[in-house]
Amino acid sequence: MVPQDVLDEFFRYVQNEIPIRLIYVKEMRLVDRYFVQQYYLGSIKTMTEKDVGTSVQSSTRVWRVSKMVQDVVKYDILSHRWLPQGEPTVRDMMDGTAAWTLGYAKLLKFCAAADSDFVWSDTYCIDKSSSSELDESIRSMFKWYRNSTTCIVHLAQTTRLADMGNDEWFERGWTLQELLAPRVIKFYNANWYPFMHGGANDKYNKKMTERLASATGCSGDEFRYLVPGPFKVDQRMSWAAKRKTTRAEDMAYSLMGMFDVIIQPAYGEGGGKSFLPTCQGDHVVE
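Here this note's numbering is used: the first residue of the sequence shown is 5, the next is one more, and so on.
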């Protein structure tokens, strides 16, 4: 019989730690957290007290249970530059008209590259007409990328590894946390071929980490093991200094996860005002 604390952690994790909705790849449709919960519940119910005791001997029970749940609940996540127009929206996905949009081919390529039954991307999965959903998504973005099984990065302007530092992906504000947050990341070129063959995680590939360090100013250890919080503020701010966002306020919101602070999203204030709550001297404050 599945231990109660495993069930409790499973329900808590699905309802609080993964995106509001995901794309179920098999049917190419949006599903909510309840669907994901039901999908994985059978696997969770096969776990026994023996599984908890033998999963990782040198850790606490709470950590072991959390790790077991995360190993079951999997989703891949996309990091990309939006098209000027034609990206499928939540409404397109729900109405069944997404296939007629310019960005649908990218979605199909993403799903083909993914190795999970569920995938997530901001353009396809966030209902931007809902202010409450948009607020939750902005505040949760770092967490969702960190909890993903694999982050698939599509560099739409690049075909060769030597040129990747020139891709616009490295100039955008939101993509900084999309590099730093995931534990596993895989880069694909403009034609959807992986830059590096062999190895599931480009964060541990020497050639790739050298290119990433050159393009971002972050060392390999920094984008492999970043700990969110008020640490190395000046250095982390330097990584973001040359990046830009379409909305001025997003420059601050895109840094919330890295510094582990919460700012209530309020578009219309401008980048300067919304940035003030984030950094004050050498300290990050709420």
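The C-beta atom is built at its ideal place from N, Cα and C for all residues, glycine as well. A quick note: this is a predicted structure, and the numbers were derived from the prediction, not measured.
Cβ-Cβ separation, residue 230 to residue 199 (assumed contact under 8 Å), whole Å: Walking along the sequence shown from the start, residue 199 turns up at place 195. Walking along the sequence shown from the start, residue 230 turns up at place 226. Contact flag wrong, Cβ pair sits at about 21 Å.
Member of 103, 86 and 76 whose CA lies at the smallest distance from the CA of residue 177: Working through the sequence shown from its first residue, we reach residue 177 at position 173. Ranking the options by Cα distance to residue 177, first place goes to 86.
Distance between residue 78 and residue 12 (C-alpha atoms, nearest Å): Counted from its first residue, the sequence shown places residue 12 at position 8. Counted from its first residue, the sequence shown places residue 78 at position 74. Going by the C-alpha atoms only, they are around 18 Å apart.
Residue range of the alpha helix (DSSP H) that includes residue 26: Here residue 26 refers to the residue found at position 22 when the sequence shown is read from its first residue. First-last for residue 26: 25 to 28, but that is the beta strand (DSSP E), not the alpha helix (DSSP H).
Where residue 204 falls, given that 16 or more other Cβ within 10 Å makes a residue buried: The residue you call residue 204 lines up with position 200 of the sequence shown. Per the 10 Å Cβ criterion, exposed.
DSSP-derived helix/strand/coil call for residue 250: Taking the first residue of the sequence shown as 1, we reach residue 250 at position 246. Three-state result, residue 250: coil.
Buried versus exposed, by CB contacts within 10 Å (16 or more), residue 280: Taking the first residue of the sequence shown as position 1, residue 280 is located at position 276. Since pLDDT at residue 280 reaches only 40, below the 50 mark, its modelled position is unreliable, and the value read off the structure follows with that caveat. Label assigned to residue 280: exposed.
Among 261, 21, 22 and 24, nearest to residue 146 - alpha-carbon criterion: Position 142 of the sequence shown, counted from the start, is the residue given in the question as residue 146. Of the candidates 261, 21, 22 and 24, the one whose C-alpha sits nearest the C-alpha of residue 146 is 261.
Residue 2 and residue 139 closer than 8 Å at C-beta: Absent from the model: residue 2. The displayed extent of the chain is 5 to 290, so no value can be given.
Contact belief for residue 272 with residue 242 at Cβ below 8 Å, rounded distance in angstroms: Position 268 of the sequence shown holds residue 272. Position 238 of the sequence shown holds residue 242. With a Cβ gap of about 28 Å, residue 272 and residue 242 do not count as contacting.
Residues sharing a beta bridge with residue 198, DSSP: By 1-based counting over the sequence shown, the position of residue 198 is 194. 192.
Pair within 8 Å by beta-carbon distance, residue 142 and residue 94: Locating residue 142 in the sequence shown gives position 138, where the first residue counts as 1. Locating residue 94 in the sequence shown gives position 90, where the first residue counts as 1. No, Cβ-Cβ distance for residue 142 and residue 94 is not below 8 Å.
Selected residue, minimal CA-CA separation from residue 92, among 84, 108 and 81: Residue 92 sits at position 88 when you count from the first residue of the sequence shown. Residue 108 is the option with its Cα nearest to residue 92.
Inter-residue spacing [alpha-carbon to alpha-carbon] between residue 197 and residue 184: The sequence position of residue 197 within the sequence shown is 193, counting from 1. The sequence position of residue 184 within the sequence shown is 180, counting from 1. Cα to Cα, the separation comes out at about 22 Å.
Proximity winner among 253, 113, 80 and 69, relative to residue 120 (alpha-carbon distances): The sequence position of residue 120 within the sequence shown is 116, counting from 1. Nearest of 253, 113, 80 and 69 to residue 120, Cα basis: 80.
Which listed residue (29, 170, 189 and 41) has its alpha carbon closest to that of residue 156: Taking the sequence shown and counting its residues from 1, one reaches residue 156 at position 152. Minimum Cα distance to residue 156 is reached at 189.
Residue environment, residue 235, which counts as buried when at least 16 other CB atoms sit within 10 Å: Here residue 235 is taken as the residue at index 231 of the sequence shown, counted from 1. By the neighbour-count criterion, in which a residue is buried when 16 or more other Cβ atoms sit within 10 angstroms of its Cβ, residue 235 is exposed.
Cross-strand partners of residue 176 (DSSP beta bridge): By one-based count along the sequence shown, residue 176 stands at place 172. For residue 176, which the question treats as bridged, DSSP gives the partners 248.
Residue 19 burial status per 10 Å Cβ neighbour count (16 or more: buried): Taking the first residue of the sequence shown as 1, we reach residue 19 at position 15. Answer is exposed; the Cβ neighbour count stays below 16.
Separation of residue 211 from residue 225, as counted between CA atoms: Locating residue 225 in the sequence shown gives position 221, counting from the first residue. Locating residue 211 in the sequence shown gives position 207, counting from the first residue. Their backbone Cα atoms lie some 14 Å apart in a straight line.
Bounding residues of the alpha helix (DSSP H) (the contiguous stretch that carries residue 216): Translated into positions along the sequence shown, residue 216 becomes position 212. The continuous alpha helix (DSSP H) containing residue 216 extends over residues 210 to 220.
Exposed unless 16 or more other CB atoms sit within 10 angstroms - verdict on residue 170: The residue labelled residue 170 in the question sits at position 166 within the sequence shown. By the neighbour-count rule (16 or more Cβ atoms within 10 Å), residue 170 is not buried but exposed.
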